[in-house]
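Taking it in order: structure first as structure tokens, then the write-up.
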Amino acid sequence: MTIAVAIKVSDGIVLAADSATTIPLSETSRQIYNNGNKIVNLHKDLPIGVMTWRAGNIGAASMSSIFKDFRDTWTGQGVTPMLEWTVESIATDLAEYMYDSRATSEGVAHGGTAVAGWSREANSSCLYVLDNESETVSCVIPESEPAQVMSWGQPDTISRLLNGFSLGMADLMVNRFGVPEDELQQALSILASELSNNKEHGSVCLVPR
């Protein structure tokens with residue numbers, strides 16, 4: 001199980017992930033390691049970090065090794081804090097490195113990579129996601145966003161923690177309770193707000209088995 005979380009606050013973006021990594025040994029067997037490193041800093045002098053989920057390796061190399069190899073290649077080109085660079089350009093370079101230079105004939109396992117940090121001279125942080133299946137790069141937390149929480153891998157756990165309900169609640173509200181599609185997001189926001197208010201006031205709901 002992989003849980004990867006990004007939390008944007010005023011001072012930057014916090015990245016957090018579990019450490020379980022699954023490495024396929026053959027078509028029928030796999031090995032699970034509990035000390036995988038899914039978060040890597042790309043430059044010791046720059047506020048840029050990467051985080052991965054689901055894809056534990058490319059060929060025989062772990063994703064952390066891939067990121068460190070990219071870091072060596074990238075910093076070897078003379079990248080310094082004084083040069084022009086952006087989080088978007090780094091994410092694009094990493095995508096090219098992963099999908100063109102390091103991918104095997106089978107491609108890269110489904111999952112993704114987040115590249116987060118502060119672009120040079122930016123007023124706020126941002127986060128880009130590399131999607132391994134489509135091999136695309138997209139901005140999911142822009143600089144204009146003041147605060148946000150996003151999760152990948154198995155985000156249902158985070159939804160239950162933050163919102164008080166599973167991600168499956170959307171389908172339940174539409175298919176079971178008849179909430180119109182165009183009113184779904186508003187309904188979910190109201191539900192999350194009500195649950196949050198109940199927590200603040202200490203109310204408890206007991207559901208019998």
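Numbering-wise, my numbering puts 66 at position 66 of the sequence shown, and it's gapless, one number per residue. For each residue, glycine too, the CB sits at the ideal point set by N, CA and C.
Delimiting residues of the alpha helix (DSSP H) encompassing T73: Counted as a single uninterrupted DSSP element, the alpha helix (DSSP H) harbouring T73 occupies residues 63 to 75.
Alpha-carbon to alpha-carbon, A147 and G76: Their Cα atoms are separated by approximately 34 Å.
R176 versus A170: straight-line alpha-carbon distance, rounded: Computed Cα separation, rounded: 10 Å.
Close-in-space but distant-in-sequence residues of the same chain around I66 (CB under 7 Å, 5 per side omitted): Non-local beta-carbon contacts of I66 in its own chain, meaning distances under 7 Å to residues more than five positions away in sequence, involve I58, M98, R102 in chain order.
Enclosing alpha helix (DSSP H) for D131 [first to last residue]: In the DSSP annotation of this structure, D131 is not part of any alpha helix (DSSP H); the continuous beta strand (DSSP E) holding it starts and ends at 126 to 131.
Those residues which DSSP pairs with I13 across a bridge: K8, per the DSSP bridge assignment.
Runs of alpha helix (DSSP H) lying entirely within the segment 136 to 183, each at least 4 residues, in chain order: As far as the segment 136 to 183 is concerned, its whole alpha helix (DSSP H) runs of at least 4 residues are 156 to 163, 169 to 175.
According to DSSP, residues forming a beta bridge with Y51: In the sequence under discussion, the amino acid at residue 51 is Met, which differs from the Tyr named in the question. Paired residue(s): I39, A114.
beta-carbon N123 near the ligand PLP non-hydrogen atom, thresh 8 Å: As for the ligand PLP, it is missing from this structure, which has no ligand bound.
With 16 other Cβ atoms within 10 Å as the buried cut-off, status of A114: Only buried fits A114, as 16 or more other CB atoms lie within 10 angstroms of its CB.
Closest residue to R54 among L42, A122, S151, S10 (Cα-Cα distance): Here the closest residue by C-alpha is S151.
Residue environment, G107, which counts as buried when at least 16 other CB atoms sit within 10 Å: Exposed is the call here.
Backbone CA spacing between S119 and L42 [nearest angstrom]: S119 and L42: Cα-Cα distance of roughly 13 Å.
Three-state secondary structure (DSSP) of P208: Residue confidence is low: P208 scores 42 on pLDDT, short of 50, so the model does not pin down where it sits. Its coordinate-derived value is still stated next. In the three-state reduction of the DSSP assignment, P208 falls in the coil class, being assigned neither a helical nor a strand state.
Bridge-paired residues (DSSP) for N57: DSSP output for N57 lists S62 as bridge partner(s).
Top-ranked residue by Cα proximity to A17, from V9, D182, V5, D45: Comparing Cα-Cα distances from A17 to each of V9, D182, V5, D45, the minimum goes to V5.
Alpha carbon of H201 to alpha carbon of A192, nearest angstrom: Here H201 scores only 48 on pLDDT, less than 50, and its place in the model is too uncertain to base an answer on.
Beta-carbon separation (whole angstroms), S159 vs E143, contact threshold 8 Å: Their Cβ separation, rounded to whole angstroms, is 25 Å, which puts S159 and E143 out of contact at 8 Å.
Where T104 sits in the DSSP three-state scheme: T104: strand per DSSP, three-state reduction.
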